Each structure stands twice: as C-alpha cells, then as structure tokens.
Amino acid sequence: MFGIKYIKAQPNTYFLQYKKGKVIREGTGISFFYFAPVSSLVAIPMASMDLSFVFNEVTSDFQDLCIQGDVSYRIIEPRKLAQLLNFSLTPDTQSYISEDPEKLSKKNYQSNSGINKVSDTAFAPEKGTSGI
165 MFGIKYIKAQ
175 PNTYFLQYKK
185 GKVIREGTGI
195 SFFYFAPVSS
205 LVAIPMASMD
215 LSFVFNEVTS
225 DFQDLCIQGD
235 VSYRIIEPRK
245 LAQLLNFSLT
255 PDTQSYISED
265 PEKLSKKNYQ
275 SNSGINKVSD
285 TAFAPEKGTS
295 GI
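According to the numbering used here, the stretch in the sequence shown is residues 165 to 296, in order.
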C-alpha cells in the first residue's frame, strides 16, 4: 500500500538496500520496511555452493587424461560482488533482474578450467619436503 513494502531475508542471504545510489541498509538475514519506488534491493547468497567439473586433456605423450572433481565456494565479500555483478531483485522481490547470479558458477568453472600443460620439472618438490 502506497509503495511501502516489507522484506525478510533468509539467514544465509546478504541484503543491500540502495537509495539514490548509496547503501542505506545492509546485512545478513535482516528484515525491514522500505519505500519501493525509490529503493533498489540486492540479495547475495552467502551459503556454500558446490560446482562439479570434468576436464578432458591430452598429456605430452598423447595419453588421454580425465580429471573430475567438486569445488565448494562461499562468497566472503558480498558488497564487492554487488559492485561486480548485478544481483538486483525485481520489484516483486521474487527473482533477479539479470542472469548474473547464474553466471557466477560459470565464471568459477572457467577460472578453474585453466589447466596449463607444463613439464615434469614444474612438479618437483621443494627442498625439505617429501614431494607428497
């Protein structure tokens, strides 16, 4: 009614409320009233997320190599992430405005897929270590 709305965040969601381009309220699991016509809401998930990966490579002696694994990651600087990607909510606060939240896991996958082909000397143990 009259543009005043209420929102309650989950305990693992970091909310930022922007008004006139400045953050006026932020926190994890907060709840508050806001004036919708002049406010922008940003919701960043703080829970641990899992990402599965599979790399198929060929070694220097032409042997096929398949590497599979899982990476778990967690966002530790939500305010910085809000500046890099668009996590803004739609006016009904049910979904994101952009597809950036879905792109986050793809960006992680691409950064982890940078396997470089190196010689065996790159894996030599440091002095004083067993190499295992």
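Beta carbons are placed, not taken as given, at the ideal position from N, Cα and C, and that holds for glycine. Since this is a predicted model, take the numbers as computed values, not measurements.
What would DSSP say about residue i, mapped onto helix, strand or coil?
i    : result
L215 : strand
Q181 : strand
E263 : coil
Q174 : coil
R243 : helix
L249 : coil
P153 : Limits of the chain in this structure are 165 at one end and 296 at the other, which puts residue 153 out of reach.
Work out the CA separation of residue j and residue i for me, nearest whole Å.
i    : j    : result
Q174 : V222 : 45 Å
N220 : Q232 : 9 Å
I171 : F196 : 6 Å
S224 : C230 : 14 Å
M210 : T192 : 8 Å
Q258 : Q227 : 49 Å
F217 : E263 : 21 Å
Is it true that the CB of residue j sits closer than 7 Å to the CB of residue i?
i    : j    : result
L205 : L249 : no
R189 : S212 : no
I208 : P242 : yes
On the criterion of 16 or more Cβ atoms from any shown chain inside 10 Å, does residue i qualify as buried, or is it exposed?
i    : result
I168 : exposed
F199 : exposed
Q247 : exposed
F166 : exposed
Can you name, in chain order, every residue of its own chain whose Cβ lies under 6 Å from the Cβ of residue i, other than the five neighbours on each side?
i    : result
Y178 : T192, I208, M210, P242
Within the same chain, show all residues whose beta-carbon is closer than 8 Å to that of residue i, passing over the 5 residues directly before and after it, in chain order.
i    : result
N176 : T192, G193, P209, M210, A211
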